[in-house]
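Structure, as structure tokens:
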DNA sequence: TTCAAAGTGTGACAATTATCATACACTTAT
DNA sequence: ATAAGTGTATGATAATTGTCACACTTTGAA
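Chains as they are written, first to last, in full-length UniProt numbering: chain A, 1 to 236; chain B, 1 to 236.
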């Protein structure tokens, strides 16, 4: 079965080459070690971040210590809130999931760019529109078909973002632990582990050196009643 | 206890008076009867909608017939996707929840406005930013503290959007059925009903002529571990 | 004013998901 | 080679939530 896999659909591609160049010019690249916090919830949202290399997770911690991960961003992704010309605070926290090089764009600079080159604000609007749709369909996926559907949809998203087709199936270029998956779907490590075992028994996935290989993408799609959303929003 | 209630925080107030006026000028007001669809999921997102009067719900139906309601909008709310200068399709459906008068703004007109008066795009960006944060914290509320937490947070949002303080407690100016509430939190009518009965026993709510009265807002806040988000995003 | 439709209340039970406990595998540092 | 740390696998059990069934109440239109 011919399964198209389009990995590395990064959200900077929403910007025109010229505009992306402009952003690169004004940003200041900073290093973050794995585990370092890029911004905390509650912080003023006055910067945007562009990932030159590495990986970042955006998440929220519950009082009882559980985390909910909203997104993982990697090379060539832009993230942060664009609370343009007005104060807003982050509701989620961003943390380096791997060592990162991150280009930081100050609100001020973005505002200036938008004023002197108003077409770039169109690109920002597109970008926000994608981010917004991403969150909406993620919510749908997490609520519609139980934790099983939520996990299936997450595996599909992983295929899109980190999948590499091999003769054995689709391998991931990045490993996520059972806990990582649990935090992505608002569940527990144990539940995720059991669901993965079940998927293995059913032949939908297998393991290669401890990491997941997707064998039957279509089967995963039936579990979450996949609607074949555009790939730039069906991502991790 | 002094409970501040700030209802009718409508998202058009994000726009400056002048800009809101501009929008009003270019929009075409149309009537929608209760139950009529304003746009279907899958439709091209090429219009924005401004509610002159009435109420609209934005939702998604699962294959098994269950609905998930993302938001209710009412007078002075602006809704729709702003997929500026590029094609996108709606992922949710919008339907008149009451008879409505709705101002329709064509993508083309918005684009023209933005080009000739670039500061208005700032307002659109702010608006999108709010909508996006709304969805994020809604997701948090639906996933963190079980269905009970989800219901409590929804009642709090209702207080902000439709609450009116009286000597008996906070009454709602609009009624939502148990099913409506269930669709807002991704649950079932029966479960919502049982949770409401429990809240009644605990004295957090009561009933007045069949409609819910909030007696103890603080108690609801403890259930969902309320973080006192800004009122423009803590709404229905 | 009466009847159908829509909404509510609740029991009994099933399914899903979380929690707690424990064993084991695998890596890495000493 | 050993111990500590991290991650996986799985049983037993509890808690949460959904499903089905049915009675009752309220509402609104003929």
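The beta-carbon is built from N, C-alpha and C at its ideal position, and this holds for glycine as well.
Residue i to residue j, Cα distance in whole Å?
| i | j | result |
| --- | --- | --- |
| residue 1/A | residue 101/A | With a pLDDT of only 42 at residue 1/A, under 50, the local geometry of the prediction cannot be trusted, and no value is derived from it. |
| residue 76/B | residue 103/B | 10 Å |
| residue 33/B | residue 22/B | 26 Å |
| residue 10/A | residue 74/A | 8 Å |
| residue 202/A | residue 150/B | 34 Å |
| residue 216/B | residue 165/B | 12 Å |
| residue 66/A | residue 142/B | 14 Å |
| residue 224/B | residue 116/B | 45 Å |
| residue 230/B | residue 214/A | 42 Å |
| residue 99/A | residue 31/A | 8 Å |
| residue 56/B | residue 35/B | 9 Å |
| residue 3/A | residue 172/A | Caution is warranted here: a pLDDT of 47 is assigned to residue 3/A, below 50, making its placement in the model unreliable, and the coordinate value is therefore given only provisionally. The alpha-carbon atoms of residue 3/A and residue 172/A are separated by roughly 15 Å. |
| residue 119/B | residue 119/A | 12 Å |
| residue 198/B | residue 205/B | 9 Å |
| residue 82/B | residue 39/A | 27 Å |
| residue 159/B | residue 97/A | 38 Å |
| residue 127/B | residue 54/A | 31 Å |
| residue 194/B | residue 71/A | 34 Å |
| residue 227/A | residue 93/B | 15 Å |
| residue 218/A | residue 87/A | 44 Å |
| residue 17/B | residue 200/B | 42 Å |
| residue 24/B | residue 52/B | 10 Å |
| residue 163/A | residue 196/A | 17 Å |
| residue 91/A | residue 26/B | 35 Å |
| residue 144/A | residue 177/A | 24 Å |
Within the continuous alpha helix (DSSP H) that includes residue i, where are the two ends?
| i | result |
| --- | --- |
| residue 117/A | Residue 117/A -> no alpha helix (DSSP H), and no H or E assigned at all. |
| residue 146/B | 146–162 |
| residue 47/B | Where residue 47/B is concerned, there is no enclosing alpha helix (DSSP H), although the beta strand (DSSP E) it sits in stretches over 47–53. |
| residue 222/B | 217–223 |
| residue 93/A | Premise fails: residue 93/A lies in the beta strand (DSSP E), 93–96, not in any alpha helix (DSSP H). |
| residue 88/B | Segment: none, residue 88/B is in no alpha helix (DSSP H) and carries neither H nor E. |
| residue 198/B | 189–201 |
Going along the chain, which residues of its own chain have a beta-carbon closer than 6 Å to the beta-carbon of residue i, five neighbours each way excluded?
| i | result |
| --- | --- |
| residue 184/B | 69, 154 |
| residue 12/A | 20, 76, 78 |
| residue 15/B | 123 |
| residue 187/A | 147 |
| residue 179/A | 189 |
| residue 134/B | 233 |
Taking residue i as part of the beta strand (DSSP E), name the residues at either end of that continuous run.
| i | result |
| --- | --- |
| residue 74/A | 67–74 |
| residue 21/B | Here residue 21/B belongs to no beta strand (DSSP E); instead the alpha helix (DSSP H) covers 17–26. |
| residue 33/A | Per DSSP, residue 33/A belongs to no beta strand (DSSP E) and is neither H nor E. |
| residue 211/A | 211–214 |
| residue 206/A | 205–208 |
| residue 105/A | 100–106 |
| residue 185/B | Note, residue 185/B: premise wrong, no beta strand (DSSP E); alpha helix (DSSP H) at 178–185. |
| residue 256/A | Any answer about residue 256/A is impossible in this case: the structure gives chain A only from 1 up to 236. |
To which residues of the same chain is residue i closer than 7 Å at the C-beta, ignoring the five residues directly before and after it?
| i | result |
| --- | --- |
| residue 175/A | 211 |
| residue 89/B | 42, 43, 44, 45 |
| residue 181/B | 151, 154, 192 |
| residue 48/B | 78, 80, 82, 105, 110 |
| residue 107/B | 46, 47 |
| residue 130/B | 11, 14, 232, 233 |
Output needed for residue i: all residues of its chain with C-beta closer than 8 Å, excluding positions within five of it in sequence on either side, in chain order.
| i | result |
| --- | --- |
| residue 121/B | 114 |
Tell whether a beta-carbon distance below 8 Å holds between residue i and residue j.
| i | j | result |
| --- | --- | --- |
| residue 112/B | residue 50/B | no |
| residue 250/A | residue 168/A | Summary: the structure shown does not reach residue 250/A, with chain A confined to residues 1 through 236, and so no result is reported for it. |
| residue 221/B | residue 156/B | yes |
| residue 79/B | residue 58/B | yes |
| residue 125/A | residue 124/B | yes |
| residue 95/B | residue 28/B | no |
| residue 161/B | residue 235/B | yes |
Decide yes or no for the touch test of the stretch 129–146 of chain B against the stretch 55–65 of chain B: beta carbon pairs closer than 8 Å, at least 3 of them.
no
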